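So the sequence shown is residues 19 to 247, counted in our numbering.
Yeah, the Cβ is synthetic: ideal placement off N, Cα and C, and Gly gets one too.
Quick caveat: nothing in here was measured; it's all calculated off a predicted structure.
Here is the structure we will look at.
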Amino acid sequence: MRIISIRKGFTSDHSSTSYEFLALDKTLGKKEKAEVASLSRRADPTSRRVSFTYHVDGYDIPGGWENLMAKYYDVMYREDYDWWTFALAFNTTQEQLEDLYKYEFSGDDDLGITVESIGNRAVVAIYCRVDMAYIDDSYDEYEDYYGDENEEDEGDGEEGVGFVAEDELLNLLVQVRQQLMNGDYRTLYAVWEKYGGFDNDGEGEFDIPIPQDKKTGKNVVEQFRNILN
């Protein structure tokens, strides 16, 4: 499946595995881009983004996507034959990690949430299925929020707070990441509401904390909730 970075909609080929990575907090320099490019002869990383597509079973990113999130990127999505992985990485504290761990679970078909700690960095992975019909209208909402910087910005490594990608799903995940960084876990709870409830043996419910409701960010939470299939 190849995600086309356009302002409205996606074009999909569900017979392959594809990745989109986005760097927010720090852009990639020449050395970092060369390291990423060495992982695939088809990879052509910019200072902020890179795509990988594999059309043959058994081929994947050498070392796994986790290493890229640990070293270079802050947001990722992956589609593998209609199964999706969203990954959100950010610097955090041990206290916040303990809060994030409370939202880990594995439901039916291993859909759910994992949290990993890599140094002072948290990597939250969401395993899900996606209803693409709900993503079509999201870009304009985020454009006003992030401003006019484009994804080809070759910055000097400063934080990319004003960055916006011409990819609706990446922009939604950027918003979700910001909420998690701020201690707002409503999107994680939405994942549990969709896929959780009982453990793999069907015995007992997961003890998932209910996040505090807030007036701000409800549109992001609802947009995210709606794409879960």
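Just list the beta strand (DSSP E) runs in the stretch 26-99, keeping only unbroken ones of 3 residues or longer that don't cross its boundaries, in chain order. 35-40, 67-72 and 93-98
Going by CA-CA distance only, name the one from 36, 111 and 131 that's closest to residue 120. 131
Whole-angstrom C-beta distance between residue 148 and residue 247, which should lie under 8 Å: 6 Å
For residue 243, report the span of its alpha helix (DSSP H) as first-last. Boundaries of the alpha helix (DSSP H) around residue 243: 236-245.
For residue 235, tell me which candidate among 198, 209 and 51 has the shortest Cα-Cα distance. 198
Alpha carbon of residue 196 to alpha carbon of residue 205, nearest angstrom: 11 Å
Would you decide whether residue 135 is buried or exposed? Buried here means 16 or more other CB atoms lie within 10 Å of its CB. exposed
Going by C-alpha to C-alpha distance, which of 65, 89, 61 and 127 sits closest to residue 78? 61
Which residue marks the beginning of the beta strand (DSSP E) containing residue 134, and which one marks its end? 130-136
Straight-line CA distance for residue 200 to residue 87? So the two alpha carbons sit approximately 19 Å from each other.
Could you tell me which residues DSSP pairs with residue 141 in its beta bridges? 107 and 134
Residue closest to residue 228, alpha-carbon to alpha-carbon, out of 213, 243, 208 and 242: Checked all of 213, 243, 208 and 242; the closest Cα to residue 228 is 208.
Consult DSSP for residue 173 and reduce its assignment to one of helix, strand or coil. Confidence at residue 173 is low in this model, with a pLDDT of 44, below 50, so its placement is unreliable and the value that follows should be read with caution. Collapsing the DSSP output to three states places residue 173 in coil.
So, using beta-carbon positions, are residue 58 and residue 97 closer together than 7 Å? no
Taking 7 Å as the threshold (C-beta atoms), are residue 51 and residue 63 in contact? yes
Pull up the CB-CB distance for residue 249 and residue 103, whole angstroms please, since I reckon it's below 8 Å. Summary: the structure shown does not reach residue 249, with the chain confined to residues 19 through 247, and so no result is reported for it.
How about residue 213 and residue 129: do their beta carbons lie closer than 7 Å? yes
Are residue 184 and residue 95 close, meaning C-beta to C-beta below 7 Å? Contact: no.
Can you find the residues in the same chain that come closer than 6 Å, C-beta to C-beta, to residue 166, ignoring five residues on each side of it along the sequence? With a pLDDT of 35 at residue 166, under the threshold of 50, the modelled position of that residue is not reliable, and the figure given next carries that caveat. The answer is none, since no qualifying residue turns up.
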